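Undergrad: Structure below; questions to follow.
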Amino acid sequence: MKVKILQIINESPRVKRFILAPLSGEFDAFLAGQFVVLENENWEYPNKNRSYSISSVINNPRELELCVALNEKGVFTPWLFSLIVGDVLECSQPQGKFILKEDEQSLKLPHLFIATGTGIAPFLSMINEVLKKSQNKVYLVYGNRFEQDILYKTYFEMLSVENEKFNFLPILSREYKPNIAEGYVHASYKIILESIEDARIYVCGWKEMCADTRNELKAMGFNRRQYFFEQYD
Ligand SMILES: Cc1cc2nc3c(=O)[nH]c(=O)nc-3n(C[C@H](O)[C@H](O)[C@H](O)COP(=O)(O)OP(=O)(O)OC[C@H]3O[C@@H](n4cnc5c(N)ncnc54)[C@H](O)[C@@H]3O)c2cc1C
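Numbered according to this note's numbering, the sequence shown terminates at residue 233, and the numbering increases by one at each position without gaps.
In structure tokens form, the structure reads like this:
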């Protein structure tokens, strides 16, 4: 379907939030965690499509938000970042299987979300859903290099104040800031999981972080019924 760019928000030096609206018709309702596929119909490269997780918190059939990092060495994101409000592009309906397990047993358990960078995108809606449906604790372990890279920081800080079940744990690998943990995500989620027998664990981001996290979780004795991955390449 054809969509128009309604708004562009500079979320960090390398990340923009794109608010898209259908030119006609509506977006199908998305399941928390799903993505859409954008297309550049007019260029000469063989692969004209890229997938982007939906970063909207809730369903709105007239609007959908994406949160995209510029990859200077890539081809699609430099084009996307050159677009302006009012431009039109091709966008699929929501799709994808990286969604919450909502069976009775899963909703009783603590939930742990692990992300780096734009891997946070699907977790906005997933965390909103799970906080509504589960009585147990919800942890978000979110790694970035610098404080300015932490996407949706104010939103998650407010959510942790408003909802006592929600624990927001940002981590910085290249900068020291008071009250923010230093290092990589692994040390932080290991501390949480050491005190928990069973959990539902969702991991999203680039290949290397996903691969390392999978190995760590396996080594801790967790299995594929307990953890779920969305890898960005
Ligand atoms: C399910 C899913 C959800 C995703 N969600 C998001 C999201 O929410 N936000 C987000 O930012 N990303 C997301 N991604 C990643 C996104 O789809 C793109 O891969 C990303 O935006 C990079 O696109 P690009 O065209 O700029 O880079 P690409 O052109 O795909 O390039 C990727 C890399 O390939 C190499 N390369 C490309 N072209 C050349 C060339 N001509 N010569 C040599 N090397 C080259 C470069 O090293 C480059 O760094 C998601 C991916 C998936 C699969």
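All C-beta atoms in this analysis are idealised placements derived from N, C-alpha and C, irrespective of residue type, glycine included. Note that the structure is predicted; figures quoted are calculated from it, not measured.
If you draw a straight line from the alpha carbon of I201 to that of E63, how long is it in whole angstroms?
TA: So the alpha carbons of these two residues sit roughly 29 angstroms apart.
Undergrad: Could you give the C-beta distance for F18 and Q93, rounded to a whole number, given that I count them as a contact under 8 angstroms?
TA: So it is not a contact: roughly 17 angstroms between Cβ atoms.
Undergrad: Near F168, what residues of its chain come up, given a Cβ to Cβ distance below 6 angstroms and the 5 sequence neighbours on each side ignored?
TA: Once the five neighbours on either side are set aside, the close Cβ partners of F168 are L140, F156, S160.
Undergrad: Can you give me the Cβ contacts of R50 inside the same chain, cut-off strictly under 6 angstroms, excluding the 5 residues immediately before and after it?
TA: L38, F76, listed in sequence order.
Undergrad: Could you name the residues of the same chain whose beta carbon sits closer than 8 angstroms to that of W79, not counting the 5 residues immediately before and after it, in chain order?
TA: Around W79: N40, W43.
Undergrad: Around ligand 1, what residues have a beta-carbon under 5 angstroms from a heavy atom of it, in chain order?
TA: Those residues, listed in chain order, are F35, R50, S51, Y52, S53, V68, A69, N71, K73, G74, V75, F76, T77, T118, A121, Y232.
Undergrad: So who's on the other strand from C67, going by DSSP bridges?
TA: DSSP, once it has assigned bridges, lists R17 as partnering C67.
Undergrad: So does the stretch 107–122 actually touch the stretch 199–214, counting three or more Cβ pairs closer than 8 angstroms?
TA: Judged by Cβ distances under 8 angstroms, the stretch 107–122 makes contact with the stretch 199–214, as three or more pairs qualify.
Undergrad: For I192, which three-state DSSP category applies?
TA: Helix, per DSSP.
Undergrad: Could you give the DSSP three-state label for I84: helix, strand or coil?
TA: DSSP places I84 in coil when its eight states are reduced to three.
Undergrad: Spatial neighbours of F30 within its chain, please: CB distance less than 7 angstroms, with the 5 preceding and 5 following residues excluded, ordered by chain position.
TA: I54, N59, P94, listed in sequence order.
Undergrad: Short check: CB of L100 to CB of L66, under 8 angstroms?
TA: No, these two residues do not count as a Cβ contact at 8 angstroms.
Undergrad: Terminal residues of the continuous beta strand (DSSP E) containing L217?
TA: Counting along the chain, L217 falls outside any beta strand (DSSP E), though it belongs to the alpha helix (DSSP H) covering 207–219.
Undergrad: Along the alpha helix (DSSP H) that carries E129, what are the first and last residues, could you check?
TA: Per DSSP, E129 belongs to the alpha helix (DSSP H) from 121–133.
Undergrad: Run through DSSP, which three-state label would L23 get?
TA: L23 falls in the coil class under three-state DSSP.
Undergrad: Looking at F229: is its Cβ nearer than 8 angstroms to the Cβ of R214?
TA: Going by C-beta atoms, F229 is nearer than 8 angstroms to R214.
Undergrad: Measuring straight from C-alpha to C-alpha, what distance separates K153 and S56?
TA: The alpha-carbon atoms of K153 and S56 are separated by roughly 15 angstroms.
Undergrad: Just to confirm, is the Cβ distance from A187 to H111 under 8 angstroms?
TA: No. Outside cutoff.
Undergrad: Going by C-alpha to C-alpha distance, which of V68, C91, F35, L89 sits closest to F98?
TA: Cα-wise, what sits closest to F98 is F35.
Undergrad: For V130, which residues in the same chain have their Cβ closer than 7 angstroms to its Cβ, ignoring the five residues on either side in sequence?
TA: The answer, listed in chain order, is L100, H111, V138.
Undergrad: Identify the residues that DSSP records as bridge partners of T116: which are they?
TA: Per DSSP, G143.
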